[in-house]
Amino acid sequence: MSLRPSFARSLRAAWTVYLKEVRENLRDKRTVLNALITGPLLGPLLFGLIFSFTLQRQLADAEKPLPVPVIGAAYAPDLIHALEAQGMVLKPAPNNAAAAIRAHRAEVVLVIPRDYDKAWRAGQPAGVELYYDSARQDSRTPVTRLKKMLQGYAGISAAQRLLVRGISPLLLRPVVAEDRDLATPQSRSALMFSILPYFFVLTVFLGGMYLAIDTTAGERERQSLEPLLVNPVSRGTILSGKLAATVSFALISLTLSIIAFGVVGRFLPVEKLDVVLDLGPRFAAFVLLLMLPLTVLLGALQTLVAAFAKSYREAQTYLSILMLLPVIPSLLLAVVPLRAQLWMYAVPLLGQQLGIMDLVRGEALGARELAACLIGTSLAALLAWLLARWLYASERLAVSA
């Protein structure tokens with residue numbers, strides 16, 4: 143019976159600390175700006191602008207006429223006419239193809255050798271050369287288009303040669319592979335939006351970072367933490383109140399970010415790529431559920447780092463380094479594509495990455511995967527909270543920096 147009044151007092155004390163931190167940080171313009179404006183809105187806006195600009199540019203490059211400088215055009219008039227019929231625009235030949243590419247005067251240069259016509263008339267392979275720089279992103283679409291034009295012309299010419307000799311072109315295709323692509327328009331969107339989980343994690347990190355710093359390192363600098371710790375309340379209770387405030391700000395930031403992504407997603411021209419991006423209420427609810435224990439984990443880690451630091455600036459430096467941690471799963475899956483296994487969902491950050499990508503693909507998140515993600519990250523959050531409570535119990539924390 144004596145435990146209930148004690149628990150109620152601890153709960154009231156934690157609630158008091160929570161309200162104190164929320165009120166104080168709502169007055170801090172920097173915290174409000176990062177948690178409620180910059181963090182939630184910057185990611186969706188940047189994502190939408192970059193994606194729209196890139197997509198519009200690629201579509202424009204694929205549809206507009208393709209200007210190509212050609213050296214030796216007079217040696218292959220039939221080839222030039224065929225390429226022009228497919229959308230190529232013949233440009234004046236540069237003196238040196240390699241120099242034109244290096245000087246960025248052209249994206250791709252077609253070189254036709256002198257012996258092209260001789261090899262063509264002899265029925266031998268007639269070679270041409272393509273000069274380009276594969277390290278330049280703007281050259282990929284023109285080079286791909288020109289190669290397809292050349293392959294189309296080569297295929298038609300080969301068929302004509304066989305027909306002249308009374309041979310069916312179908313003899314060159316003893317095996318015909320027919321595609322049976324099982325991907326749906328929504329599942330294909332996962333290839334394009336694989337960075338989406340990172341934006342959510344980054345939003346959570348930024349949403350609670352400044353509050354986590356201010357509630358510990360900031361109060362130590364202002365010498366207001368020591369009077370709080372001398373109250374007849376356990377330091378674990380004080381930590382819980384501060385952590386709850388940090389998590390609240392982070393969750394609000396995450397919710398605003400999810401809503402912003404849902405709004406931005408409606409204006410992205412994804413239908414031009416035959417993909418579907420569904421960021422509706424079902425997606426939002428599952429993302430919030432998946433991210434809830436991770437929000438507590440990141441908040442506990444931020445509080446732990448802030449308690450370890452001796453000043454506000456030092457805590458800011460440490461947390462800036464810790465901010466690199468969320469990018470690891472995204473880089474790992476981009477460099478080493480892994481087949482998702484059940485144990486991976488139990489790994490914090492990695493589990494959220496896999497779970498959110500399942501949602502983006504439109505796949506049902508299995509009960510085992512969901513449970514593994516929630517349990518694994520919750521255990522990690524509990525461990526981080528215990529470490530932070532241990533550090534809060536240290537007398538070193540009460541000493542002002």
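Remember, the working numbering sits 142 above the position in the sequence shown when you count from 1. Built from N, CA and C at the ideal position, the CB exists for glycine as well.
Per the coordinates, the alpha-carbon of phenylalanine 450 lies some 18 Å from the alpha-carbon of leucine 467. Distance from the CA of aspartate 420 to the CA of isoleucine 470, rounded to the nearest whole angstrom, comes to 25 Å. Bridge pairing for glutamate 271: Val253 [DSSP]. As the crow flies, the alpha-carbon of leucine 338 is around 19 Å from that of leucine 178. The beta carbons of glycine 504 and glutamine 328 sit closer together than 8 Å.
Here lysine 233 carries a strand assignment [DSSP, helix/strand/coil]. Rounded to the nearest whole angstrom, the C-alpha separation of alanine 523 and leucine 439 is 4 Å.
In this structure, alanine 448 lies away from alanine 442, with their beta-carbon atoms at least 8 Å apart. For valine 317, no alpha helix (DSSP H) encloses it, and the DSSP letter there is neither H nor E. Phenylalanine 189 counts as buried, since at least 16 other C-beta atoms from the protein chains shown sit within 10 angstroms of its C-beta. In the three-state reduction of the DSSP assignment, valine 210 falls in the strand class. Its chain contains Ala156 as the residues whose beta carbon lies nearer than 7 Å to that of serine 382, once the 5 sequence neighbours on both sides are disregarded; these appear in chain order. Taking a cut-off of 8 Å for Cβ pairs, the region 421–435 and the region 398–409 touch, as three or more such pairs fall below it. Beta-carbon to beta-carbon, methionine 291 and leucine 225 are separated by about 5 Å, close enough to satisfy the 8 Å threshold.
The criterion of a C-beta distance shorter than 8 Å is satisfied by valine 251 and isoleucine 213. With a beta-carbon spacing of about 14 Å, leucine 385 and glycine 349 fall beyond the 8 Å limit used to define contacts.
By the neighbour-count definition (other C-beta atoms within 10 Å, threshold 16), glutamate 271 is an exposed residue. Put simply, the backbone Cα of glycine 378 is about 39 Å away from that of valine 502. Here DSSP, grouped into helix, strand and coil, assigns proline 435 to helix. Glutamate 361 counts as buried, since no fewer than 16 other beta carbons sit within 10 angstroms of its beta carbon.
Secondary structure note for methionine 499: its alpha helix (DSSP H) is the uninterrupted segment 492–502.
Distances from the CA of glutamine 293 to each of Ala268, Leu305, Leu434 were compared; the closest alpha carbon is that of Ala268.
About 6 Å separates the Cβ atoms of methionine 433 and phenylalanine 342, confirming a contact at the 8 Å cut-off.
DSSP, reduced to helix, strand and coil, places glutamine 365 outside both helices and strands of the structure shown, so it counts as coil. Excluding residues up to 5 positions away in sequence, Gln444, Leu461 lie with their Cβ nearer than 7 Å to the Cβ of methionine 351 in the same chain. In this structure, alanine 359 sits away from serine 281, with a CB-CB distance that is not shorter than 8 Å.
Here threonine 357 really is in contact with threonine 388; their C-beta atoms are around 7 Å apart, less than 8 Å. For the 8 Å CB-CB criterion, glutamine 495 and serine 472 form a contact. Under the DSSP assignment, lysine 452 falls outside any alpha helix (DSSP H); it carries neither an H nor an E label. Contact between alanine 488 and isoleucine 517 holds: CB atoms are separated by about 7 Å, below the 8 Å threshold.
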